[in-house]
Amino acid sequence: MDELGDGIFSGLRVLEFGLFVAGPYAGELLAHGGADVIKIEPVTGDATRWNSTIVPGEGRHYIIKARGKRGAPINLRHPDGLAIVHDLALNSDVIISNMRPGALKRLSLDYESLSARNERIIVAEISAMGEDGPYGMHLGADFQAAAASGLAMSTANFDGDEPRILDAYLCDFHAGTLLSFGIAGALYRREFTGKGQHVRTSLYQAGLSLQTATANLFDAVDGWKREFADWMEQERPHPRLASQSRRDQTALIVGGFYETRDGHWITLGAGQLAFKRLLDVIGIEDPSAHDPDWEMPDDPRDHFTSLRQRIREIALRYDGEELRERMQAAGVPCALLSSLEEALLSEHARANDYVHSFDHPAVGPVLMPQAPVKFSRDRYRAAEQTPAFGEHLRDVMGELGYDDAAIEKLIESGAIAEELT
Numbered sequence: 000m001d002e003l004g005d006g007i008f009s010g011l012r013v014l015e016f017g018l019f020v021a022g023p024y025a026g027e028l029l030a031h032g033g034a035d036v037i038k039i040e041p042v043t044g045d046a047t048r049w050n051s052t053i054v055p056g057e058g059r060h061y062i063i064k065a066r067g068k069r070g071a072p073i074n075l076r077h078p079d080g081l082a083i084v085h086d087l088a089l090n091s092d093v094i095i096s097n098m099r100p101g102a103l104k105r106l107s108l109d110y111e112s113l114s115a116r117n118e119r120i121i122v123a124e125i126s127a128m129g130e131d132g133p134y135g136m137h138l139g140a141d142f143q144a145a146a147a148s149g150l151a152m153s154t155a156n157f158d159g160d161e162p163r164i165l166d167a168y169l170c171d172f173h174a175g176t177l178l179s180f181g182i183a184g185a186l187y188r189r190e191f192t193g194k195g196q197h198v199r200t201s202l203y204q205a206g207l208s209l210q211t212a213t214a215n216l217f218d219a220v221d222g223w224k225r226e227f228a229d230w231m232e233q234e235r236p237h238p239r240l241a242s243q244s245r246r247d248q249t250a251l252i253v254g255g256f257y258e259t260r261d262g263h264w265i266t267l268g269a270g271q272l273a274f275k276r277l278l279d280v281i282g283i284e285d286p287s288a289h290d291p292d293w294e295m296p297d298d299p300r301d302h303f304t305s306l307r308q309r310i311r312e313i314a315l316r317y318d319g320e321e322l323r324e325r326m327q328a329a330g331v332p333c334a335l336l337s338s339l340e341e342a343l344l345s346e347h348a349r350a351n352d353y354v355h356s357f358d359h360p361a362v363g364p365v366l367m368p369q370a371p372v373k374f375s376r377d378r379y380r381a382a383e384q385t386p387a388f389g390e391h392l393r394d395v396m397g398e399l400g401y402d403d404a405a406i407e408k409l410i411e412s413g414a415i416a417e418e419l420t
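Every letter in the sequence shown is one number past the one before it in numbering that gives the first Met the number 0, and letter 250, counting from 1, is 249.
Next comes the structure, spelled out in structure tokens:
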């Protein structure tokens, strides 16, 4: 990779007020591209330093979210600390925050306040639920946004009567990705206008956007069902069209996971053509796939429950890899179920440069996902080292013109911190 040029965000300075996942992930995506991301953390230490602690002050979550950034412990409640942050903000290209709505305004770090003094500045914020509406000022994290946006209902596995949400922080990570996309767009527009802007998204909006495929089907399919119900009773010609619209969903009905003879699980099928190929591979003749004149019944559950059971029985005759190879050869999308550890250590992940290993000075070897996009000309690689508490404080303060004597005085006053106490 040495032939690549500078990072795609080289020369960009970002000031991050990131909490937990979403905000720090947006900053991390910029740091991978060489942006100078200065992470402001409390003088008592970022909360994620103590989440899943590996060694004192180095938690598993902190190592992931702070890599490639410079750290500056500054007390925002101290007037001198706040003055330092204002200086940093006005000398930055981008401000990232996922503090509660209104927090930046109370600190005079909001877009209106900063753009009055630097019209090129971009202020990018993530809230839990959005800034307006009934939930606008509500506190919330990933699980609350997933619940309120409908995502939890879409992805939950029910253990008895209790929903169990996916422990993947989908709203958090997607919101961070959306914010970094918004920042890139604002930077692009700034090249033409010379002006920055206020970029916003929320965990709630991220949850909705992850359901675009399902939401997009609501009017096209469910709306038709309501409309065609009357036409069916009147024996008008439209039911055939409605049946065809439902036919397109059959692959989703029989898709999913199937257990194989050797205890693996395999997921099969996507799309109507693959649905027919799937049945052909395992020798099932079914009118839903093979009879062009077949019309789906009003309640197709019995038919497809029976079909799924037939597929289950046949899948158990094959080892997982054998069935995967047969399906792949026939053009049926398929994959064996893997654990995260299996995926990270897989030959496929390494062959595609999807994982990255580095030696962390405090905790030793670390393996984690590579930066998630590749560029042919410019560098975009996973940032590695995370800042020890106060590691970059003197560098950051020196860039603002503070000498050692002034820094020591500010440490004594409690405005900044260099060591955890």
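Glycine included, every Cβ here is placed at the ideal spot set by N, Cα and C. Since we're looking at a predicted model, the values are computed, not measured.
Rounded straight-line distance, which links the Cα of residue j to that of residue i
| i | j | result |
| --- | --- | --- |
| H197 | E341 | 41 Å |
| A241 | D292 | Model confidence at A241 stands at a pLDDT of 37, short of 50, so the residue's coordinates are unreliable; what they give is reported in the following sentence. Cα to Cα, the separation comes out at about 13 Å. |
| L165 | F172 | 13 Å |
| S51 | D279 | 49 Å |
| I94 | L14 | 5 Å |
| A250 | N74 | Caution applies to A250, whose pLDDT of 48 falls short of 50 and renders its modelled position unreliable; the value that the coordinates give is listed next. One C-alpha to the other measures close to 56 Å. |
| A88 | A151 | 37 Å |
| R311 | A102 | 54 Å |
| V331 | I415 | 59 Å |
| L409 | L419 | 15 Å |
| L18 | D301 | 49 Å |
| F421 | L339 | Within the shown structure, residues of the chain are numbered from 0 to 420, placing residue 421 beyond reach of any answer. |
| V362 | I406 | 29 Å |
| L277 | L28 | 39 Å |
| P100 | R116 | 22 Å |
| M326 | A273 | 9 Å |
Residue i vs residue j beta-carbon contact at 8 Å
| i | j | result |
| --- | --- | --- |
| R260 | L315 | yes |
| A65 | P386 | yes |
| A145 | L169 | yes |
| T266 | G282 | no |
| G26 | V36 | yes |
| G33 | F8 | yes |
| K38 | G70 | yes |
| N97 | I125 | yes |
| G319 | H263 | yes |
Endpoints, the beta strand (DSSP E) within which residue i is located
| i | result |
| --- | --- |
| M367 | 363-368 |
| G254 | Careful: G254 lies outside any beta strand (DSSP E) and carries neither H nor E. |
| E124 | 121-126 |
Residue i, enclosing alpha helix (DSSP H) - first and last residue
| i | result |
| --- | --- |
| E312 | 300-314 |
| A21 | 21-31 |
| P286 | 286-289 |
| L89 | 78-89 |
| K64 | 59-64 |
| T420 | That residue, T420, is in no alpha helix (DSSP H); it is neither H nor E in DSSP. |
Distance between beta carbons of residue j and residue i, contact taken as under 8 Å
| i | j | result |
| --- | --- | --- |
| A127 | H137 | 6 Å |
| S179 | G129 | Actually they are not in contact, since the Cβ atoms of S179 and G129 sit about 19 Å apart, beyond 8 Å. |
| Q210 | G149 | 6 Å |
| Y379 | H31 | 6 Å |
| S114 | G195 | 6 Å |
| I120 | V365 | I120 to V365, Cβ: 34 Å. No contact. |
| G67 | A382 | 2 Å |
Selection from the options that minimises the alpha carbon distance to residue i
| i | options | result |
| --- | --- | --- |
| D86 | Y61, R99, S112 | S112 |
| F303 | D109, P286, V365 | P286 |
| S208 | E190, T176, T192 | T176 |
| A348 | P368, P360, D358, R59 | P368 |
| G44 | E390, D394, I182, A350 | E390 |
| H359 | A46, E40, T47, E57 | E57 |
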